[in-house]
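Counting from 1 along the sequence shown, just add 771 to a position and that's the residue number in the numbering used here. No residue lacks a Cβ here, since even glycine has one placed at the ideal position from N, Cα and C.
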Amino acid sequence: MSCPASFARIPLAAAALAGLLLSAPPAAAAGIGPGCGVETPCAIAGGEYRIRLPQGGAPKGAIIFLHGWSGTAEAEMRNTAWARLAERLGVAFVAPQGEGGTWSYPGAPRQLRDEFAFFRALAADLKDRFGISGEKTVLTGFSMGGSMTWNIACREGELFAGYVAVAGAFWDPVPEACPSPVPMLVHVHGTADKTVPLEGRAIGEHWRQSDVARSLALWQRKAGVAPDFPKDAPAQGLACQMQEAGNGRGLLEMCLHSGGHSIRAEWVEEGWQLIAQRRGWAG
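And the structure:
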C-alpha cells in the first residue's frame, strides 16, 4: 500500500481502515490477521488445516471436508468441484490435514493423535480466526474421513450443525452408545463398494470396518426409530431413507447408489441443503 500524498488524506484512509476492521473476522479486527488460507496451512493444537473463503463476502457457514486414506488437505484445495460448491453456497471450504495422511478414530489401524481434541481446537480456531460458528458448519468426509465424521458425531456431536459421511462409518468395535444427542447425519454409500463394503470387511488381522447397518442401528436405538435400512439402489442417482428423532433436532438419512467407492460434490451439497433447511438457515 502506498503512503498518502498529503496529510489531508489521512482521515479518509483512517475511516476506510475502520470500516474494514468493523467488517473483518475477530482475529483480523484484533490486528493479528488470519495468516493462512488455501496455500498456507492454519496451525492449531495437534495439527493444521487449510481454508478457502468465498469471494463475495463473509461466509454464510462452512463445509469441513475430511480426506480419505493417504490424502492431503493441499490436494482437496486443488479440487475444483469443492471450490465451485463452496462458492455456489457462499460458504468457507475447510480441509483439515490427517496426521500421517490418516485419521486416528477408535478402531483405526494407527493412533497418531487425539482427534477429538484436534477437532475441538479446529472449531475454536475457525470461530476465533474467521468468525465461523459451528452452528452453521457441516462436517463431511470420504472413506476413512467418513469414519472420522461418524466418530465426531458420536463423541463431539454438538461441535457442528450436521454431518455428511460418504463411504465410511464406524470400525469395530462399534460403540455401545454415543454421548452426543442424535445428530443430523446423512450417510451415502455405494452398493458396489469393494473398498468399504456395506457389510464391512477385515483390514489385516487386527482391524475391521463395521457393517454400516450396525453403525446406523446405534443411532436408531437412541432416536427410538425402527432399525430399517434401504434395500436397493437406483441405476442413477440416490435412494434415500430418512428417519427423524423425536425431539426434532436430529435426523438420520441413509442414501444408496449403485456405484463403487466414490464421492460426488453434489451428494455433499444435498446433505448441506437438507441440514440447512432443517436448521432454519437455508438460502
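Please name the residue, chosen from Ile-923, Glu-810, Ala-1047, that lies closest to Leu-824 on a Cα-to-Cα basis.
-> For the purposes of this step, residue 824 is identified with residue 53 of the sequence shown, where counting begins at 1. Selected option, being the one with the closest Cα: Glu-810.
Ala-984, DSSP secondary structure in three states | Residue mapping note: residue 984 aligns to position 213 of the sequence shown, counting from 1. Ala-984: helix per DSSP, three-state reduction.
How many angstroms separate the CA atom of Gly-1030 from the CA atom of Thr-962?
-> To locate residue 1030, count along the sequence shown from 1; it is residue 259. To locate residue 962, count along the sequence shown from 1; it is residue 191. Answer to the nearest angstrom: the Cα atoms are 6 Å apart.
Return yes when the Cβ of Ile-834 is within less than 7 Å of the Cβ of Val-909, no when it is not.
-> Taking the sequence shown and counting its residues from 1, the one referred to as residue 909 is at position 138. Taking the sequence shown and counting its residues from 1, the one referred to as residue 834 is at position 63. Cβ atoms of Val-909 and Ile-834: closer than 7 Å.
List the whole-angstrom C-beta distance separating Ala-892 from Gly-817, where the pair is believed to meet the contact cut-off of C-beta under 8 Å.
-> The count along the sequence shown starts at 1 and reaches residue 892 at position 121. The count along the sequence shown starts at 1 and reaches residue 817 at position 46. Yes, Ala-892 and Gly-817 are in contact; Cβ-Cβ is about 6 Å, under 8 Å.
Would the beta-carbon of Lys-898 fall within 7 Å of that of Gly-832?
-> The count along the sequence shown starts at 1 and reaches residue 898 at position 127. The count along the sequence shown starts at 1 and reaches residue 832 at position 61. Note that the C-beta distance between Lys-898 and Gly-832 is not below 7 Å.
Opening and closing residue of the alpha helix (DSSP H) in which Ala-857 lies | Here residue 857 is taken as the residue at index 86 of the sequence shown, counted from 1. Ala-857 -> alpha helix (DSSP H) spans 851-860.
Buried or exposed for Leu-826, please, with buried defined as at least 16 other CB atoms from any protein chain shown within 10 angstroms of its CB.
-> Indexing the sequence shown from 1 puts residue 826 at position 55. What sits at residue 826 in the sequence shown is Gln, not Leu. Note on Gln-826: under 16 other CB atoms within 10 angstroms of its CB, so exposed under the neighbour-count rule.
Continuous beta strand (DSSP E) assignments of at least 3 residues falling wholly in the segment 886-923 = 908-913, all fully within the segment 886-923.
Taking only heavy atoms of the ligand MG into account, decide whether any of them is closer than 6 Å to the Cβ of Gly-832.
-> Absence of the ligand MG is noted for the structure shown, with no ligands found whatsoever.
Mapping DSSP to helix, strand and coil, what is Gly-971?
-> In the sequence shown, residue 971 corresponds to position 200, counting from 1. Reduced to three states, the DSSP call for Gly-971 is coil.
Please report how far the alpha carbon of Gly-804 lies from the alpha carbon of Arg-900, in whole angstroms.
-> In the sequence shown, counting from the first residue as 1, residue 804 sits at position 33. In the sequence shown, counting from the first residue as 1, residue 900 sits at position 129. With a pLDDT of 49 at Gly-804, under the threshold of 50, the predicted position of this residue should be treated as unreliable, though the coordinate-derived value follows. The straight-line gap from Cα to Cα measures roughly 8 Å.
For Glu-970, count neighbouring Cβ atoms within 10 angstroms of its own Cβ and tell me buried if that reaches 16, exposed if not.
-> Counting from one through the sequence shown, the residue named residue 970 turns up at place 199. Flag for Glu-970 reads exposed.
Would you give the residue range spanned by the alpha helix (DSSP H) that Ile-1046 belongs to?
-> If you number the sequence shown from 1, residue 1046 lands on position 275. Ile-1046 -> alpha helix (DSSP H) spans 1036-1050.
Tell me, which residues are paired with Cys-949 by DSSP?
-> The sequence position of residue 949 within the sequence shown is 178, counting from 1. When DSSP reads this structure, Cys-949 sits in no beta bridge, so it has no partner.
For Gly-790, the three-state DSSP class (helix, strand or coil) = As a working mapping, residue 790 is identified with position 19 in the sequence shown. In this prediction, Gly-790 scores a pLDDT of 37, lower than 50, which makes its location untrustworthy; the coordinate-derived value is nonetheless stated afterwards. Helix, per DSSP.
Whole-angstrom C-beta distance between Ala-844 and Gln-868, which should lie under 8 Å = As a first step, residue 868 must be located in the sequence shown, where it is residue number 97. As a first step, residue 844 must be located in the sequence shown, where it is residue number 73. So it is a contact: roughly 4 Å between Cβ atoms.
Assuming Val-983 contacts His-960 under a Cβ cut-off of 8 Å, what Cβ separation, rounded to an integer in Å, is found between them?
-> Residue mapping note: residue 983 aligns to position 212 of the sequence shown, counting from 1. Residue mapping note: residue 960 aligns to position 189 of the sequence shown, counting from 1. With 8 Å as the limit, Val-983 and His-960 qualify as a contact, their Cβ atoms being about 6 Å apart.
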